[in-house]
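Okay, structure first, notes after.
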Amino acid sequence: MLNGISFKLKDHRVDKILRKEGYQLAECEIFYSPIQSTLNYLALGFLMLLPLSIFLLIKIDMYWHYFCIYFLLGYVICGYLNNTFVLTTDKLLVINPNFPFTRIVTYELNQIEDTEIYRSLLLQGICWIFFQSGNYVTITIGGDRFRYYCGSLCVDTFDEDITEKTMDDFHYALKERNISVQFRL
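Residue numbers (the working numbering): 11 to 195.
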């Protein structure tokens with residue numbers, strides 16, 4: 011019996027970046043935060059407005075530029091807030107494959123002092139209109155703190171996850187590698 015929805019979305023651009031950097035995908039534990047999920051929700055929201063606009067006799071063609079601005083702003087915000095985490099045997103990689111925020115940051119696991127998995131309620135309050143959460147991971151190395159948002163990497167909801175691996179899985183994977191984790195979701 012099917013109880014929930016489970017998309018198990020992956021971001022193949024991350025796989026491509028890892029191969030280009032010389033990593034074997036079989037040796038990597040990847041925690042995807044795909045922007046595709048947010049873009050799907052944005053498109054679904056737009057499609058839900060179409061029948062409503064017919065009932066209210068609102069002419070969407072008069073307001074098309076507002077929809078374009080909404081989708082552009084949604085992409086920029088969600089593109090910045092979706093970082094994927096990759097664990098290898100000795101490294102933690104943070105990858106953002108979304109243009110114009112494309113970057114790869116690599117940390118040696120033995121240098122990580124502490125990690126914190128948390129949610130920004132302020133950011134979540136602002137970004138709810140773009141179907142984006144305010145989840146983030148803070149990595150502490152040598153007293154310096156680095157924050158990476160991962161809005162589409164959700165907390166485990168048993169049978170309704172959009173990605174194969176969740177924030178809970180990331181938490182346990184870090185603990186298995188003897189990294190101090192503060193999980194506050």
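A virtual CB, placed ideally from N, CA and C, is assigned to each residue, including glycine.
Given the structure is predicted, the values throughout are model-derived calculations rather than measurements.
Which stretch, first to last residue, makes up the alpha helix (DSSP H) that contains residue i?
i    : result
D178 : M177 to E186
D21  : Where D21 is concerned, there is no enclosing alpha helix (DSSP H), given that its DSSP letter is neither H nor E.
What three-state label does DSSP hand residue i in the structure shown?
i    : result
E118 : strand
N13  : Below a pLDDT of 50, predicted positions are generally treated as unreliable, and N13, at 46, falls in that range; no measurement from the model is reported.
K101 : strand
F81  : helix
Y42  : coil
I149 : strand
Y90  : helix
L28  : helix
What number of angstroms, rounded off, separates the C-alpha of residue i from the C-alpha of residue j?
i    : j    : result
L28  : P61  : 43 angstroms
K20  : N106 : 13 angstroms
E126 : Q192 : 5 angstroms
V24  : C38  : 11 angstroms
R129 : W138 : 13 angstroms
K101 : I189 : 12 angstroms
N120 : N92  : 25 angstroms
Is residue i buried or exposed, if buried means 16 or more other CB atoms sit within 10 Å of its CB?
i    : result
I40  : buried
L175 : For the record, residue 175 in the displayed sequence is Lys; it is not Leu. Buried, because 16 or more other Cβ atoms sit within 10 Å of the Cβ of K175.
P44  : buried
I87  : buried
Q34  : exposed
C78  : exposed
In the DSSP assignment, find the unbroken beta strand (DSSP E) run with residue i in it and report its ends.
i    : result
Q192 : V191 to F193
Q. Do the stretch 140-154 and the stretch 110-125 touch if we need at least three Cβ pairs shorter than 8 angstroms?
A. At 8 angstroms Cβ cutoff, the stretches touch.
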